[in-house]
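Trainee:
Residue numbers (the numbering used here), protein chains in the order written: chain S, 174 to 522; chain C, -5 to 360.
Now the structure itself:
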C-alpha cells in the first residue's frame, strides 16, 4: 500500500482546520480566568480515505486532546473538523450538538489504550461488543449475536467466547475485543489512541498485524496516536509530530524518518534507543524540558532547546509551511538544515 | 539463625573476573489461596564489578521479583524458596580492605546485616519516582536521612557526619546528576519537580551511599523519550565515573541494547538465554529471543508489512506449561522433549548460554 499523495486525487475523509482547545486556568472564589492551557493550538491536517496518519509527540503535547476533539468527546474551543460522511456530505463536527452527532457516531470509532479499563467487567463479550449495535438500533438479539460472532472471527477470536466475561482474557485478547467493538458499527474512521502500548512486547506485533490486515480488508482510515516512533513508522502512511500543542511537522513516513525538516522531530528520533548495540543512539541530544502549554516561550516554542536557534526564532513564531511537496514543517530554518536520524543512512531497505 | 551474617568464603584479594553478585538457582514462590506461583523458578546469572547487566523480559517473567529478592524486599506472601544470592561485600577500613562473600538469600530480611547492605552497598532506582518519594518531606531531607544512616560509606573510619555535611553532600550529588539550582532544589518537595528532575533526584538518592551495585528497575518507563535519553546518558556517565555495577531491568530491548554489556533474557521465571549484548542481538540462540527481536517494528525495516509474531499469549501464572515454559508458543518445538522436561541453562557459545534442547540435552531435575 502506498501513501496517497497529499493534495492529489485522493478524497479526504477528515479535514481538521485551525483546531484549538484551551483549558482555562481559574483562580479565587469567583473562578476568574487567569490564563489558558493551550493544549491544542491551531492544528490543521487532513486524512485521506484509506490512509493511516500517525500522530506522535511526548506526553502533554496535545495529541490525545486532538483525537478527543475529533471524536467530539470534547468540545473544541475553535476550529473546524470537517468529516465527509458516507452519504457524501461534508459536515463540521465542531458546532454540532450531541443529538446532531448521534447519526454520525457509527462512522467514527475509537480504540482505547487500556484493554483492562475500556471493557465493562460485568458484561459478557456479547454485550460489550454488541452494545454499540444495540444503541444504533439493532434490537433483534439473534441478529446481534450473529454480528458479534462475525466480528469476533474477524479479530481472530473464537465466537464461542462471546458468553465469557473480559477477565477471562489476556491483554492482547482484550485489545482484540476492543477492536471488534470499534468495528461493530462499520466505521470509516478509526481513532486509535496508543492501542498497543499497554500490551506485552510479544503480543504487540499480533495486534499491529491485525490492524493492518483489517485496514486492507475493510478499507478503514486510521488516526493512529502513539508515542512509540518505530510503531508509528511501521503502520503510518504519513506522520504528524506535535510539540506543546502545535503541529511542528507533517510528512510522508519515509521522508520524515529519513530527512526530517524540524529539529525537534530529528531530536525525537535520535532519542529513541535502537534495539541494536552496534547503532549508538538514545543519547541526550536535547537539553532542558518541554515547556508548559500554559506559558509557552516566545517565538518558536522549540527555540530554548534548539541547537540551531537564531535571534529570529526567539522573536517570530514560525508558520507551518510546505518545504517539499507534501512535507510541512514549522521552522524558520527548515530549508537550510540537514538533519540526521538513525534511519537516514538505511538506504531503501 | 541469630548469626546475622553467614560468611561463606573470604577473599582477601579482589580478582577482576570474580563476580560481585552471583545469583545461583534462585527460586521465589508466592503462596496464594489459589495455589503456589513460582515467580522465579531457578534463575542464575553473575554480575561482575563495574559491569552493566540488562535483565529483559515481559510482564510476569520474574525480573522485578529477582531484583526484590536480591534486596530481600519480596512482599508477602512471597518468599525465597531456594538458591543462593552471593554478594561480595567490602569490609574494613580504607587501605586495609578485605572482602567477604555473603549469601543474601540466607540473611534475615530485617536483620542488621541486610540493613547495612540494603541502600548502602546495593541501591535501587525504582520505576515510579513519584511513588518512591514521600510527599510530606523535602527530597533533600529524605536523602540526608539516608546519608546519615549509612555514614560509614562516606567516613569508613571517622566520626559520624553532621547534618550540615550531609546536606553539602546532597547538594553535590544534585549537581552530579545534573539538577539545576541544586542548593534550592534540596528544599523542594517531590511534587514540585518535573518527571525528569524527580528521576534525577531518585538517582542522586540511590548514589548517596556510594553503592557498588545499583539496581535500576525500569527507571525510564514512566518518562518521555527525550527525557529518557537524558536519564540514560546520565546513568552511563555516572557508571563510568563511579565504576559501580548496574543491573538494568527493562522490557525495552532498545534500552537494553544501548545500556547493557551483558544481557539476561527471562521468561516465566526462568533465564532463557544470557550472553554479551552483541551476541544476544546479532546471534541470538534461544527461539524466544529470536522471535522477540523479529517481532519488533524497527526504525529502518520495511513498513506496513505483517510482522513475524509470537503466537499465543503469556500463560497465566497458575497455568504454567510443563517442560520448557516457552514450548507452547515456540516455533521450533521438539515433539516429546520440550513438553516433558525442563531444559537447563547450558553454554552454547564462548560466553553465551541458553536453556533450549535445540543446543543440548541437559534437563533440570523436576
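Where a beta carbon is used, it is the ideal one built from N, C-alpha and C, also for glycine.
Can you confirm whether residue 259 of chain C, when its beta carbon is compared against all beta carbons of chain S, has any partner nearer than 7 Å?
Mentor: no
Trainee: By how many angstroms is the C-alpha of residue 332 of chain C removed from the C-alpha of residue 321 of chain C?
Mentor: 6 Å
Trainee: Could you give the DSSP three-state label for residue 14 of chain C: helix, strand or coil?
Mentor: coil
Trainee: Between C:285, C:296, C:263, which has its C-alpha nearest residue 304 of chain C's C-alpha?
Mentor: Closest option to residue 304 of chain C, Cα to Cα, is C:285.
Trainee: Please state the DSSP three-state secondary structure of residue 200 of chain C.
Mentor: helix
Trainee: Considering just the uninterrupted stretch of the alpha helix (DSSP H) at residue 451 of chain S, what are its terminal residues?
Mentor: Careful: residue 451 of chain S lies outside any alpha helix (DSSP H) and carries neither H nor E.
Trainee: Would you mind working out which of S:510, S:505, S:360 sits nearest residue 433 of chain S, comparing C-alpha positions?
Mentor: Among S:510, S:505, S:360, the Cα nearest to that of residue 433 of chain S belongs to S:510.
Trainee: Going by the DSSP bridge assignment, what does residue 417 of chain S pair with across the sheet?
Mentor: According to DSSP, residue 417 of chain S bridges with nothing at all.
Trainee: Can you tell me which residues form a DSSP beta bridge with residue 219 of chain S?
Mentor: Bridge pairing for residue 219 of chain S: S:188 [DSSP].
Trainee: Label residue 213 of chain C either buried or exposed according to how many other C-beta atoms from any shown protein chain fall within 10 Å of its C-beta, with 16 as the threshold for buried.
Mentor: buried
Trainee: What residues match up with residue 267 of chain C in a beta bridge as DSSP calls it?
Mentor: C:259, C:348
Trainee: Do you know offhand how far residue 446 of chain S's Cα is from residue 290 of chain C's?
Mentor: 13 Å
Trainee: Indicate whether residue 301 of chain S and residue 293 of chain S have their beta-carbon atoms separated by less than 7 Å.
Mentor: yes
Trainee: Would you kindly check if the distance between the Cβ of residue 413 of chain S and the Cβ of residue 423 of chain S is under 7 Å?
Mentor: Result yes, Cβ atoms of residue 423 of chain S and residue 413 of chain S sit closer than 7 Å.
Trainee: Taking only the alpha-carbon atoms, compute the straight-line gap between residue 184 of chain S and residue 360 of chain S and give it to the nearest angstrom.
Mentor: When rounded, the distance between both Cα atoms is 17 Å.
Trainee: Chain S beta carbons: is any one of them nearer than 7 Å to that of residue 29 of chain C?
Mentor: no
Trainee: Let me make sure I understand the geometry here. Which of C:166, C:175, C:215 has the alpha-carbon closest to that of residue 141 of chain C?
Mentor: C:166
Trainee: Residues of chain C with CB under 9 Å from residue 373 of chain S, in chain order?
Mentor: 52, 53, 54, 245, 307, 308
Trainee: At a Cβ threshold of 7 Å, is residue 278 of chain C touching chain S?
Mentor: no
Trainee: Is it right to say residue 178 of chain S is buried, meaning 16 or more other beta carbons lie within 10 angstroms of its own, or is it exposed?
Mentor: Interpretation of residue 178 of chain S is limited by its pLDDT of 44, a score under 50 that renders its predicted location unreliable; the figure taken from the coordinates is listed afterwards. By the 10 Å Cβ count, residue 178 of chain S comes out exposed.
Trainee: Closer than 7 Å, CB to CB, is residue 289 of chain S near chain C or not?
Mentor: no
Trainee: Check the Cβ-Cβ distances between residue 293 of chain C and every residue of chain S, and say whether any is below 7 Å.
Mentor: The C-beta of residue 293 of chain C comes closer than 7 Å to at least one C-beta of chain S.
Trainee: Label residue 145 of chain C either buried or exposed according to how many other C-beta atoms from any shown protein chain fall within 10 Å of its C-beta, with 16 as the threshold for buried.
Mentor: Residue 145 of chain C is buried by the Cβ-count criterion.
Trainee: Counting only C-beta atoms, is residue 445 of chain S closer than 7 Å to chain C at any point?
Mentor: At a cut-off of 7 Å between C-beta atoms, residue 445 of chain S counts as an interface residue with respect to chain C.
Trainee: Residue 345 of chain C touches chain S at which residues, Cβ-Cβ below 7 Å?
Mentor: Near residue 345 of chain C there are no residues of chain S at all, since even the closest Cβ is about 14 Å away, more than 7 Å.
Trainee: The alpha helix (DSSP H) with residue 283 of chain C in it runs from where to where?
Mentor: 281 to 288
Trainee: Among C:135, C:209, C:202, C:143, which residue has its Cα nearest to the Cα of residue 183 of chain C?
Mentor: Comparing C-alpha distances from residue 183 of chain C to each of C:135, C:209, C:202, C:143 shows the shortest one belongs to C:135.
Trainee: Whole angstroms are fine: how far does the CA of residue 265 of chain C sit from the CA of residue 342 of chain C?
Mentor: The straight-line gap from Cα to Cα measures roughly 14 Å.
Trainee: With a Cβ-Cβ cutoff of 7 Å, do residue 428 of chain S and residue 500 of chain S count as a contact?
Mentor: yes
Trainee: Please list, in chain order, the chain S residues whose beta carbon lies closer than 9 Å to that of residue 300 of chain C.
Mentor: 378, 381, 382, 385, 386
Trainee: If distances are taken between C-alpha atoms only, which option among C:220, C:282, C:139, C:253 comes closest to residue 272 of chain C?
Mentor: C:253
Trainee: By alpha-carbon positions, which one of C:24, C:323, C:19 ends up nearest to residue 375 of chain S?
Mentor: C:323
Trainee: Within 10 angstroms of its Cβ, does residue 341 of chain S collect 16 or more other Cβ (buried), or is it exposed?
Mentor: In summary, residue 341 of chain S is exposed, with fewer than 16 beta-carbon neighbours lying within 10 Å of its beta-carbon over all protein chains present.
Trainee: Got a sec: which bits of the region 329 to 361 of chain S sit with their beta carbon under 7 Å from any beta carbon on chain C, in order along the chain?
Mentor: 343, 345, 346
Trainee: Identify whether residue 173 of chain C lies in helix, strand or coil by the three-state DSSP scheme.
Mentor: coil
Trainee: Given a threshold of 16 other Cβ atoms within 10 Å of its Cβ, counted over all protein chains shown, does residue 316 of chain S qualify as buried or as exposed?
Mentor: exposed
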